[in-house]
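Novice: Just passing along the structure, written as structure tokens.
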């Protein structure tokens with residue numbers, strides 16, 4: 708079944724909203740460059756910690772890690788990943804580990820999509 712969730716189809720590029728990121732970075736490309744690099748180093752670690760919390764079924768830890776991921780991805784304008792992290796956080800509040808198990812692979816997929824765009828952007832900037 709195709710996902711027609713309006714939160715995922717309303718944005719022209721819901722994976723990465725460059726303009727939103729630059730607005731948060733006060734149009735400072737140097738800050739943006741630093742934040743992107745930090746995110747690319749830290750996000751895999753946070754995603755792994757979230758995975759471990761999910762495997763343990765620890766709703767409190769799941770909420771903490773999904774909230775942290777949500778905050779860092781929001782700064783970057785990673786809107787699609789933000790939506791999924793927020794959904795995981797909400798499900799953690801409900802203690803719905805079964806639903807979280809179905810959302811986590813989607814979070815990873817959205818991360819990979821965002822990561823690709825960010826790496827491509829950095830490669831252009833570094834030239």
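Residue numbers (this note's numbering): 708 to 834. Positions of the beta carbon are idealized from the N, C-alpha and C atoms, including for glycine.
On a Cα-Cα basis, can you pick out the residue from 826, 788, 792 and 831 that is closest to residue 748?
Specialist: Considering only alpha carbons, the answer is 826.
Novice: Is residue 784 near residue 725, with beta carbons less than 8 Å apart?
Specialist: Yes. Within cutoff.
Novice: Look up residue 778 in the DSSP assignment and say whether it is helix, strand or coil.
Specialist: Looking at residue 778 - three-state DSSP - the assignment turns out to be helix.
Novice: For residue 722, name the three-state secondary structure that DSSP assigns.
Specialist: Three-state DSSP puts residue 722 in coil, outside helix and strand.
Novice: Leaving aside the five residues before and after residue 868 along the sequence, list all residues of the same chain whose C-beta is less than 7 Å from its C-beta, in chain order.
Specialist: With the chain represented from 708 up to 834, any question about residue 868 goes unanswered, as that position is not in the structure.
Novice: Of all the options 755, 769, 816 and 731, which has the alpha carbon lying nearest to the alpha carbon of residue 802?
Specialist: That would be 769, whose Cα lies nearest to the Cα of residue 802.
Novice: Using the three-state DSSP reduction, which class does residue 735 fall into: helix, strand or coil?
Specialist: Correct three-state label for residue 735: coil.
Novice: Looking at residue 815 and residue 745, is the spacing between their C-beta atoms short of 8 Å?
Specialist: Not in contact: residue 745 and residue 815 (Cβ atoms no closer than 8 Å).
Novice: Using a C-beta cutoff of 8 Å, does residue 801 count as contacting chain B?
Specialist: In the structure shown, chain B cannot be found, because there is only a single protein chain.
Novice: Check residue 803 in the structure and name its three-state DSSP category.
Specialist: It is coil, neither helix nor strand.
Novice: Taking the straight line between their C-alpha atoms, what separation do you get for residue 811 and residue 735?
Specialist: Cα-Cα distance, rounded: 32 Å.
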